[in-house]
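Participant:
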Amino acid sequence: MMSKITGSGCMLTSVIGAYCGANPDNILDSTAAALCAMGLCGQIAYEKTEQTKGGTASFRTYLIDAMSKMDWPTLKGGMKIETR
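For the sequence shown, the positions run 1 to 84 when this note's numbering is used.
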């Protein structure tokens, strides 16, 4: 559903910048964490949108809400990442 709203790509770029700025010594891991956070926020937003039978405007609001409330325990518990 992210492809149906404007601003999600810009939001991802900002999140990557913020994560990299917070951890400039490890850009790769910071970028991966930002991508995981955005993906998880998208999942959370989609679930809430489905529960409320909302549309794209609701999804966008829930996406912003999920990102603003993201913390390490939520990210760690919900991210889907594979390391090699």
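Glycine included, every Cβ here is placed at the ideal spot set by N, Cα and C.
1. Quick one: Cα of residue 25 to Cα of residue 53, how far?
2. Which value, in whole angstroms, describes the spacing of the CA atoms of residue 17 and residue 51?
3. Residues in its own chain within less than 6 Å of residue 30 by CB, not counting five upstream and five downstream?
4. So, helix, strand or coil for residue 60, using DSSP?
5. Let me make sure I understand the geometry here. Which of 68, 59, 65 has the alpha-carbon closest to that of residue 2?
6. On a CA-only basis, which of 48, 37, 28, 55 is nearest residue 74? Give me that one, please.
7. Please state whether DSSP places residue 82 in a helix, a strand or coil.
8. Can you look up residue 73 in the DSSP assignment and give me helix, strand or coil?
Facilitator: So, to answer that:
1. For residue 25 and residue 53, the distance between alpha carbons rounds to 43 Å.
2. 32 Å
3. If we look at residue 30 and ignore the five residues flanking it on each side, its Cβ neighbours are 19, 20, 23.
4. helix
5. 59
6. That would be 37, whose Cα lies nearest to the Cα of residue 74.
7. coil
8. helix
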